[in-house]
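Trainee: Below is the structure I would like to discuss, written out as structure tokens.
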Amino acid sequence: MRINVYISSTGFCSRREADHLIQSGRVMINGMYAQIGSDVSDTDIVSIDGKTIGKRPKAIYMAFNKPEGVESTTDQAKPHNIIDYLHYPERIFPIGRLDKDSSGLILLTNDGMIVNKILRSENEHDKEYVVELDNDITNEFLMTMAAGVKIYNPARHEYTITKPCKIKQIDTRKFTIILTQGLNRQIRRMTKELGFNVLYLHRIRIMNINLGSLPLGEYRFLIKTELDQLLRSIGGK
6 MRINVYISST
16 GFCSRREADH
26 LIQSGRVMIN
36 GMYAQIGSDV
46 SDTDIVSIDG
56 KTIGKRPKAI
66 YMAFNKPEGV
76 ESTTDQAKPH
86 NIIDYLHYPE
96 RIFPIGRLDK
106 DSSGLILLTN
116 DGMIVNKILR
126 SENEHDKEYV
136 VELDNDITNE
146 FLMTMAAGVK
156 IYNPARHEYT
166 ITKPCKIKQI
176 DTRKFTIILT
186 QGLNRQIRRM
196 TKELGFNVLY
206 LHRIRIMNIN
216 LGSLPLGEYR
226 FLIKTELDQL
236 LRSIGGK
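Just so we're aligned, residue 6 is where the sequence shown starts under my numbering, counting upward by one.
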């Protein structure tokens, strides 16, 4: 098994984070510094910062109704991070992100392998939001949002057109939108391009996982039927 996959499978962190640890010289295999792409077996001893990481812990999969102001990061040096907010007794990390200014459903786990599979395929799966704007919605706005909006991608220093999406008006200033993309602050950037500002953005669904009546600031564990369907949708574990 590749070293980054092994570290991820223990729940210590994601594969990407594991690669950073390896490049920083913080990972050792049998007392030797690990390299990107190194292989490990069940008989090898892997340590991070001098501490041995062992067998994979019992898997945790939870849904959390994140309040506004909580940042979906594991960096506890940052104020209002999701880890300090939850105070969960075991190491967990969020699957993907949800803007600090937004609220709603975010999934957390200690299973680094499922994180990578979901993030790799996030452009293929639905994420549903309820959005309220600062001005009345027009038919032109709805059609343009659904067809795709040209927005600037600061990561690539270029403009991109968002993928077509499903959108449904709720009232004069509120709508639901289903995205199959994960661009940074995508909905806010789309609406801003069309002359609107977001007053409220709340995620209510990720793939087959619905927020339902889960109170704001609370979490629940995924039930078996939810987890089984989620795993099937990403091709198993």
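Even for Gly, the Cβ is constructed at its ideal location relative to N, Cα and C.
Note that this is a predicted model, so its numbers are computed, not measured.
1. Is Lys83 buried or exposed, if buried means 16 or more other CB atoms sit within 10 Å of its CB?
2. Taking the alpha carbon of Ala152 as the point to measure from, which residue in Met195, Gly187 and Lys122 has its own alpha carbon closest?
3. CB Ser107 to CB Lys155, shorter than 9 Å?
4. Pull up the DSSP beta-bridge partners for Pro38, would you.
5. By a C-beta neighbour count over all protein chains shown, 10 Å radius and 16 as the cutoff for buried, is Tyr66 buried or exposed?
6. Please state if the CB of Pro169 and the CB of Asn189 are separated by a distance shorter than 9 Å.
7. What's the C-alpha gap between Ile53 and Val10?
8. Could you give the DSSP three-state label for Thr196: helix, strand or coil?
9. So, are the CB atoms of Ile172 and Leu147 less than 9 Å apart?
10. Check the C-beta distance from Leu199 over to Thr149 and give it rounded, since I have them as a contact under 8 Å.
11. Are the CB atoms of Ile111 and Pro94 nearer to each other than 9 Å?
12. Closest by CA to Gly59, which one among Leu91, Gly16 and Ile182?
13. If you compare alpha carbons, which of Asp141, Asn86 and Gln191 is closest to Thr165?
14. Based on Cα-Cα distance, which residue from Tyr224, Leu219, Arg178 and Gln186 lies nearest to Leu204?
15. On the criterion of 16 or more Cβ atoms from any shown chain inside 10 Å, does Arg20 qualify as buried, or is it exposed?
16. Which of the three DSSP states is assigned to Thr230 in this structure?
17. Cα separation between Asp141 and Gly187?
18. Please specify which runs of the beta strand (DSSP E), each continuous and at least 3 residues long, are wholly inside the region 94–145, giving them in chain order.
19. In this structure, does DSSP put His85 in helix, strand or coil?
20. Under the three-state reduction of DSSP, which class applies to Asn189: helix, strand or coil?
21. Could you please give the first and the last residue of the uninterrupted beta strand (DSSP E) stretch that includes Ser52?
Mentor: With the structure as the only source:
1. exposed
2. Met195
3. no
4. Per the sequence shown, residue 38 should be read as Tyr rather than Pro. Its beta-bridge partners are Met33.
5. buried
6. no
7. 14 Å
8. helix
9. yes
10. 6 Å
11. no
12. Gly16
13. Gln191
14. Arg178
15. buried
16. helix
17. 26 Å
18. 108–114 and 132–138
19. coil
20. coil
21. Val51 to Ile53
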